[in-house]
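Enquirer: My structure is below; once you've seen it, I'll send some questions.
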Amino acid sequence: MTMARTKVLIVEDEMLIALQLRQSLAKAGFEVCGSVGDGETAIERSRKSLPDVILMDIRLSGEMDGIEAARRILEFSKVVLIFTTGHTDAALRARAEALKPAAFLIKPVEIQKLAGAIASSLATRI
Amino acid sequence: MGADTSAPSSAAAKPVDSGRLPPKRRRYRGSIRSRLLFWFVALVVGPSLIIGGAAVLSSWRLGREGTLDQLSSVLTLKADEIDLWVSELSVNLALIAQDGDDIGLLQPLLAVEAPALAAPQALESVRRDLKAKMRSLRVFSLTLVLDRNGKVVASSDDAYLGRDLGGEDLFIQGLQRSYVAPAPVHGPLEGLAIVAALPLVVPGRGSLGVLVGYSDLAFLDAIMSEPTGLGRTGESFLVGADYMPITGLRFADQTPGRSMRDDAGARKAVDDKVRAYGTYPDYRGVPVIGVCAWLPELQVGLVVEQDVAEAFASFRSITLLSLVVAAIAVLLAVLAASRVTAGIAAPLSALAWTAARISAGDLDQVAEVDGGDEVGRLGEAFNHMTGRLRYTIRDLTREVDERERAEARLRESEERNRTVIQTAMDGYWRVDLEGRILEVNEALCRMTGYREEELLTMTVPDLEAVERNEETAGHIRRIMATGFDRFESSHVRKDGGTYEVETSVQYKPEQGAYLSAFLRDITARKRAEREIQASLAEKETLLRELHHRTNNNMGVIIALLDLQAEETGDEFLRSSFAATTNRIRSMALVYRKLSESRDLSRVDLGDYLGDLAAFLVSELPGPGLELTLECDLEHPHVLIDTAIPCGLVLDELVTNAATHAFPRGGRGRLELRLRTFEDGTLALRFADDGIGFPAGFDPRRDGRLGLMTVVNLTEAQLGGSVEFRAGGGLACELRFRDDRYKARI
Numbered sequence: 001m002t003m004a005r006t007k008v009l010i011v012e013d014e015m016l017i018a019l020q021l022r023q024s025l026a027k028a029g030f031e032v033c034g035s036v037g038d039g040e041t042a043i044e045r046s047r048k049s050l051p052d053v054i055l056m057d058i059r060l061s062g063e064m065d066g067i068e069a070a071r072r073i074l075e076f077s078k079v080v081l082i083f084t085t086g087h088t089d090a091a092l093r094a095r096a097e098a099l100k101p102a103a104f105l106i107k108p109v110e111i112q113k114l115a116g117a118i119a120s121s122l123a124t125r126i
Numbered sequence: 127m128g129a130d131t132s133a134p135s136s137a138a139a140k141p142v143d144s145g146r147l148p149p150k151r152r153r154y155r156g157s158i159r160s161r162l163l164f165w166f167v168a169l170v171v172g173p174s175l176i177i178g179g180a181a182v183l184s185s186w187r188l189g190r191e192g193t194l195d196q197l198s199s200v201l202t203l204k205a206d207e208i209d210l211w212v213s214e215l216s217v218n219l220a221l222i223a224q225d226g227d228d229i230g231l232l233q234p235l236l237a238v239e240a241p242a243l244a245a246p247q248a249l250e251s252v253r254r255d256l257k258a259k260m261r262s263l264r265v266f267s268l269t270l271v272l273d274r275n276g277k278v279v280a281s282s283d284d285a286y287l288g289r290d291l292g293g294e295d296l297f298i299q300g301l302q303r304s305y306v307a308p309a310p311v312h313g314p315l316e317g318l319a320i321v322a323a324l325p326l327v328v329p330g331r332g333s334l335g336v337l338v339g340y341s342d343l344a345f346l347d348a349i350m351s352e353p354t355g356l357g358r359t360g361e362s363f364l365v366g367a368d369y370m371p372i373t374g375l376r377f378a379d380q381t382p383g384r385s386m387r388d389d390a391g392a393r394k395a396v397d398d399k400v401r402a403y404g405t406y407p408d409y410r411g412v413p414v415i416g417v418c419a420w421l422p423e424l425q426v427g428l429v430v431e432q433d434v435a436e437a438f439a440s441f442r443s444i445t446l447l448s449l450v451v452a453a454i455a456v457l458l459a460v461l462a463a464s465r466v467t468a469g470i471a472a473p474l475s476a477l478a479w480t481a482a483r484i485s486a487g488d489l490d491q492v493a494e495v496d497g498g499d500e501v502g503r504l505g506e507a508f509n510h511m512t513g514r515l516r517y518t519i520r521d522l523t524r525e526v527d528e529r530e531r532a533e534a535r536l537r538e539s540e541e542r543n544r545t546v547i548q549t550a551m552d553g554y555w556r557v558d559l560e561g562r563i564l565e566v567n568e569a570l571c572r573m574t575g576y577r578e579e580e581l582l583t584m585t586v587p588d589l590e591a592v593e594r595n596e597e598t599a600g601h602i603r604r605i606m607a608t609g610f611d612r613f614e615s616s617h618v619r620k621d622g623g624t625y626e627v628e629t630s631v632q633y634k635p636e637q638g639a640y641l642s643a644f645l646r647d648i649t650a651r652k653r654a655e656r657e658i659q660a661s662l663a664e665k666e667t668l669l670r671e672l673h674h675r676t677n678n679n680m681g682v683i684i685a686l687l688d689l690q691a692e693e694t695g696d697e698f699l700r701s702s703f704a705a706t707t708n709r710i711r712s713m714a715l716v717y718r719k720l721s722e723s724r725d726l727s728r729v730d731l732g733d734y735l736g737d738l739a740a741f742l743v744s745e746l747p748g749p750g751l752e753l754t755l756e757c758d759l760e761h762p763h764v765l766i767d768t769a770i771p772c773g774l775v776l777d778e779l780v781t782n783a784a785t786h787a788f789p790r791g792g793r794g795r796l797e798l799r800l801r802t803f804e805d806g807t808l809a810l811r812f813a814d815d816g817i818g819f820p821a822g823f824d825p826r827r828d829g830r831l832g833l834m835t836v837v838n839l840t841e842a843q844l845g846g847s848v849e850f851r852a853g854g855g856l857a858c859e860l861r862f863r864d865d866r867y868k869a870r871i
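Chains as they are written, first to last, in my numbering: chain A, 1 to 126; chain B, 127 to 871.
Written as structure tokens, this is what we have:
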């Protein structure tokens, strides 16, 4: 019997970066259950796909940013949340930290750090 | 006694410490000279006058007594003569009577007794006898024989025969005894005579009649007119009981026939019948000194008088002489006193004059005094004092001038300050320590919209829009503690609007208990500042966004290259893609650090290189190789133009170490150190404990792209130097500065 792979939802408005992450995570053994570019779609996909981990970019296309989308997702899900962003200002970080994410990764995301963060968050969760 | 007992109790009730009281200063009138003169003359002349007056008085008394003694002697002498004369009258009458007893005086009387005996021859004989006796005696001018009834029976003058004198005193008295008295005025001689009467007694038959003899006044006049002892103005006279003069008056022509009642001496003698003396006006009204007495035998008053003018002539001469002498003495005393006082007062006057001149401002005056006496020494002391005073006053004058000039400068300064304040573009107020406004300028009126008189009734909190009252009070206390402050606040205009002010306030307690402040309306400036700040914030946001997007774009490039690398099966190309993505990542990390940095133009080089090295060490090593990194980094902030070459060099060095230094894998140790020297030079040292360079390997000559990149970036782009050192691994040290480029932001 094989263990179910960890499902990761990628929320990233830069499609090349999303593609790179998808390939890298897949290569690292994760199941990428989707890659979306805006918050509303991310909420919808989270309801449908029930990911274990959401890799959430903070700045997204559309009206809703990644922090707001994550807050709404967390209202109905206990998904592991990992923020990725190129922004490091304190206010933004404070808003994000309020949702108690598993990690806060600065882009360009290093795949090894990302994989390690997912692994440790799941281990903590278990 | 009452006053003696009350004085001590009064003193006890009101004790006075006289020893502590300032000496009472007497205020003198007149000059010193006049006072000296007065006292000198008073002390010299006063006693002289007293002594002279006493002498004159004594002289007057002695003269008066001498005169009285003399007049008294004259009176006594004349009284004695009169007395002697009266005695002679009685004696002579007795002589006549004795003769009559013998021959015929009794004849008429006997004839009366026995008329038959009367014979005309006998009467004629008696008459001749009487006449003969009168001639021989020369005393009587008329002789009468009165019978027992007072009838004239015989006379030396037939005209009197038959007259009846029975009622006369001379008869009544003469019938009893010898009688002498002035004749009655209505008598035979009309009163101007002295009558003597003598009883004619016949032994055995008693008194048969009276012998009467009249004597005129010639003899008395002769006695009274004798001037001996009476001087030039003296006189003596007899006055009867009726105050009428009996003897002649020396000055009768002045008072013909008048009564002597007005003469006090005559009145005294007649009225009081005593001996008296005195000074009084005589019958003429002329002051006389006189002596009077009553002569009882003759029943007349005797008065001896002398004019006072003559009596006291010697005294007056003495008095006049004394007065002349006194006047001369006074004159001499005055002259001497004048001379002496002048000698004393003149130098003092000179000193006073000099003092007056000096007090009038003539400080060069010098008192001209000489001599070694007290006044001379006083003059010298005065000149010394005025000399000191001169210097002192000059010093004071100089100080006053300086002070006046300083005050003038101060006034000018204050005027300038006032002008500056009033013409200043900024508002100005002066407030007391309670915040009450004491002074404002026009600019403040314009700023606030209030008139000056309105502002002068207001306090700072009335205008303050931000601070509460207690905050304003605390603000004032802080300014008092520090002396100065500059702060921004917001005030309320009269129309309710607000404006922002920058207040520069100063407190100098030595200038007074108030605060002076200039208030600048900075509403426009603050608006501009806010706009600038907004613009800067916007630009900063844009710049951060730019850095962020650059970082993101580089992430996209990295992602693109990673995806591209996944497409190829060539390991060389994959490693080339990996090397390129690492270089891009090193640059992206710079932009990330920049976006996180405070000023958006400089990055913490130590932080950046540490993060980059950590990433590279975790990313680069292949299977079988484990690298450890030891960092010793300082944290200079450098421009992006310096940081990016540094990151690229570090990337090449770590890549080179991960690729070539440990060909057999295993554990490798990397060392990264960053130092900053005082001259601004930065030293970046990277070392590994790998195999190092092969013998004869020259990185500049033999190095591949990586090492060539290190050399070129360091020397060409950073303008620094690079040094490789092999042996026990490879060490590479770069030295460069951060001043090759200028900040662009």
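A virtual CB, placed ideally from N, CA and C, is assigned to each residue, including glycine.
1. Give me, in chain order, the residues of the same chain whose beta-carbon lies closer than 6 Å to that of SER723 of chain B; leave out the 5 immediate sequence neighbours on both sides.
2. Flag this pair as yes or no: are the beta carbons of PHE83 of chain A and MET56 of chain A separated by less than 8 Å?
3. Just to confirm the assignment, what range does the beta strand (DSSP E) spanning LEU731 of chain B have?
4. Using three-state DSSP, classify THR781 of chain B as helix, strand or coil.
5. Give the residues of chain A in contact with PHE741 of chain B, contact being defined as C-beta atoms less than 8 Å apart.
6. Where LEU25 of chain A and GLY748 of chain B are concerned, what is the direct C-alpha to C-alpha distance, given to the nearest angstrom?
7. Are the Cβ atoms of LEU686 of chain B and LEU715 of chain B separated by less than 8 Å?
8. Using a threshold of 8 Å, state whether the C-beta atoms of LEU326 of chain B and LEU343 of chain B are closer than that.
9. With H, G and I counted as helix, E and B as strand and the rest as coil, what does DSSP make of GLN425 of chain B?
10. Please return the same chain residues whose Cβ sits closer than 7 Å to the Cβ of SER615 of chain B, not counting the five positions on each side in sequence.
11. Should LEU114 of chain A be flagged as near chain B, meaning a C-beta pair shorter than 8 Å?
12. Return helix, strand or coil for ASP209 of chain B, following the three-state DSSP convention.
13. What residues in the stretch 11 to 22 of chain A have a beta carbon less than 8 Å from any beta carbon of chain B?
14. Would you say the stretch 629 to 645 of chain B touches the stretch 556 to 565 of chain B, given that touching needs at least three Cβ pairs under 8 Å?
15. Whose C-alpha, out of B:ARG544, B:GLY622, B:PRO587, B:VAL546, is nearest the C-alpha of ARG562 of chain B?
16. Among B:LEU779, B:LEU808, B:ASP814, B:GLU804, which one has its Cα closest to the Cα of ARG793 of chain B?
17. In its own chain, which residues sit with a C-beta less than 6 Å from the C-beta of ASP227 of chain B, not counting the 5 before and 5 after it?
18. Do the stretch 773 to 786 of chain B and the stretch 806 to 822 of chain B touch if we need at least three Cβ pairs shorter than 8 Å?
19. Helix, strand or coil: how does DSSP classify MET56 of chain A here?
20. In or out: MET15 of chain A buried (at least 16 other Cβ within 10 Å) or exposed?
21. Write down the C-beta distance between GLY288 of chain B and GLY276 of chain B rounded to the nearest angstrom, noting that I regard them as a contact closer than 8 Å.
22. Between the Cα of ILE519 of chain B and those of B:GLU533, B:THR549, B:GLY487, B:VAL492, spot the shortest distance and give me the residue it belongs to.
23. To the nearest angstrom, report how far apart LEU194 of chain B and PHE297 of chain B are at their CA atoms.
24. Against ILE106 of chain A, what residues of chain B qualify as contacts under a CB-to-CB distance less than 7 Å, listed in chain order?
25. Kindly list, in the order they appear in chain C, the residues whose Cβ is closer than 9 Å to that of GLY62 of chain A.
26. So that I know if they touch, is there some Cβ in chain A lying closer than 8 Å to that of HIS908 of chain B?
27. Taking 6 Å as the limit between beta carbons, can you name the residues of its chain near SER185 of chain B, skipping five residues before and five after?
28. With a threshold of 16 other CB atoms inside 10 Å of the CB of PHE610 of chain B, please say whether the residue is buried or exposed.
29. What distance in whole Å lies between the Cβ atoms of ALA419 of chain B and ARG393 of chain B, which are believed to be in contact at a cut-off of 8 Å?
30. Of all the CB atoms in chain B, is at least one closer than 8 Å to the CB of GLY86 of chain A?
31. Within this structure, are the beta carbons of ASP433 of chain B and VAL414 of chain B separated by less than 8 Å?
32. Restricting to Cα atoms, I'd like to know which of B:TYR286, B:GLU294, B:ALA323 is closest to SER304 of chain B.
33. Measure the alpha-carbon distance for GLN20 of chain A versus LEU735 of chain B and round it to whole angstroms.
34. Hey, how far is the Cα of THR706 of chain B from the Cα of GLY39 of chain A?
35. Which bits of chain A does LEU686 of chain B rub up against, with CB to CB less than 8 Å?
36. Are the C-beta atoms of MET713 of chain B and some chain A residue less than 8 Å apart?
Expert: From the atom records:
1. Looking up residue 723 of chain B in the second sequence gives position 597. If we look at SER723 of chain B and ignore the five residues flanking it on each side, its Cβ neighbours are VAL729.
2. Within the first sequence, residue 83 of chain A is the residue found at index 83, counting from 1. Within the first sequence, residue 56 of chain A is the residue found at index 56, counting from 1. Yes, the Cβ-Cβ distance between PHE83 of chain A and MET56 of chain A is below 8 Å.
3. Start at 1 with the first residue of the second sequence, and residue 731 of chain B comes out as number 605. Not the beta strand (DSSP E): LEU731 of chain B falls in the alpha helix (DSSP H), residues 731 to 745.
4. To locate residue 781 of chain B, count along the second sequence from 1; it is residue 655. Three-state DSSP puts THR781 of chain B in a helix.
5. Here residue 741 of chain B corresponds to residue number 615 of the second sequence, with the count starting at 1. Per Cβ cutoff of 8 Å: GLU110.
6. Here the question's residue 25 of chain A lines up with position 25 in the first sequence. Here the question's residue 748 of chain B lines up with position 622 in the second sequence. Distance between the alpha carbons of LEU25 of chain A and GLY748 of chain B: 20 Å.
7. Here residue 686 of chain B is taken as the residue at index 560 of the second sequence, counted from 1. Here residue 715 of chain B is taken as the residue at index 589 of the second sequence, counted from 1. Not in contact: LEU686 of chain B and LEU715 of chain B (Cβ atoms no closer than 8 Å).
8. The residue given as residue 326 of chain B occupies position 200 in the second sequence. The residue given as residue 343 of chain B occupies position 217 in the second sequence. No, the Cβ-Cβ distance between LEU326 of chain B and LEU343 of chain B is not below 8 Å.
9. On the second sequence, position 299 is the one that residue 425 of chain B refers to. Here GLN425 of chain B sits in coil by DSSP.
10. As a working mapping, residue 615 of chain B is identified with position 489 in the second sequence. Excluding sequence neighbours, SER615 of chain B sits near GLU590, VAL592, GLU593, VAL627, THR629.
11. Position 114 of the first sequence, counted from the start, is the residue given in the question as residue 114 of chain A. No, its Cβ sits nowhere closer than 8 Å to a Cβ of chain B.
12. Mapped onto the second sequence, residue 209 of chain B falls at position 83. Three-state DSSP puts ASP209 of chain B in a helix.
13. GLU14, LEU16, ILE17, LEU19, GLN20, LEU21
14. yes
15. Within the second sequence, the letter at position 436 stands for residue 562 of chain B. Out of B:ARG544, B:GLY622, B:PRO587, B:VAL546, B:PRO587 has the C-alpha closest to the C-alpha of ARG562 of chain B.
16. Residue mapping note: residue 793 of chain B aligns to position 667 of the second sequence, counting from 1. If we check each option's Cα against that of ARG793 of chain B, B:ASP814 comes out closest.
17. Numbered from its first residue, the second sequence carries residue 227 of chain B at position 101. The predicted position of ASP227 of chain B is uncertain, since its pLDDT is 49 and thus under 50; a value taken from the coordinates is nonetheless stated next. Closer than 6 Å at the Cβ level, and outside the excluded window around ASP227 of chain B, lies no residue.
18. yes
19. Here residue 56 of chain A refers to the residue found at position 56 of the first sequence. Here MET56 of chain A sits in strand by DSSP.
20. Residue numbering aside, residue 15 of chain A sits at position 15 when the first sequence is read from its first letter. MET15 of chain A comes out exposed.
21. Here residue 288 of chain B refers to the residue found at position 162 of the second sequence. Here residue 276 of chain B refers to the residue found at position 150 of the second sequence. So it is not a contact: roughly 11 Å between Cβ atoms.
22. Indexing the second sequence from 1 puts residue 519 of chain B at position 393. The shortest C-alpha separation from ILE519 of chain B is found at B:GLY487.
23. Within the second sequence, the letter at position 68 stands for residue 194 of chain B. Within the second sequence, the letter at position 171 stands for residue 297 of chain B. Those two C-alpha atoms are separated by around 40 Å.
24. Taking the first residue of the first sequence as 1, we reach residue 106 of chain A at position 106. Residues of chain B passing the Cβ test: ARG718.
25. The displayed structure is made up of protein chains A and B, and chain C is not among them.
26. Only positions 127 to 871 of chain B appear in the structure, and residue 908 of chain B is not among them; the question remains open.
27. As a working note, residue 185 of chain B is residue 59 in the second sequence. Around SER185 of chain B: PHE441, ILE444.
28. Here the question's residue 610 of chain B lines up with position 484 in the second sequence. Looking at its Cβ environment, which holds fewer than 16 other Cβ atoms inside 10 Å, PHE610 of chain B is exposed.
29. Along the second sequence, one-based indexing puts residue 393 of chain B at 267. Along the second sequence, one-based indexing puts residue 419 of chain B at 293. Incorrect: roughly 13 Å between the Cβ atoms, too far for contact.
30. Locating residue 86 of chain A in the first sequence gives position 86, where the first residue counts as 1. Yes, contact with chain B.
31. Residue mapping note: residue 433 of chain B aligns to position 307 of the second sequence, counting from 1. Residue mapping note: residue 414 of chain B aligns to position 288 of the second sequence, counting from 1. Contact: yes.
32. For this step, residue 304 of chain B is matched to residue 178 along the second sequence. Cα-wise, what sits closest to SER304 of chain B is B:ALA323.
33. For the purposes of this step, residue 20 of chain A is identified with residue 20 of the first sequence, where counting begins at 1. For the purposes of this step, residue 735 of chain B is identified with residue 609 of the second sequence, where counting begins at 1. C-alpha separation (whole angstroms): 26 Å.
34. As a first step, residue 706 of chain B is located in the second sequence; it is residue number 580 there, counting from the start. As a first step, residue 39 of chain A is located in the first sequence; it is residue number 39 there, counting from the start. Each residue's alpha carbon lies about 33 Å from the other.
35. One-based indexing of the second sequence puts residue 686 of chain B at position 560. Chain A residues near LEU686 of chain B: LEU16, GLN20.
36. Within the second sequence, numbered from 1, the residue matching residue 713 of chain B stands at position 587. Not one chain A Cβ lies under 8 Å of MET713 of chain B.
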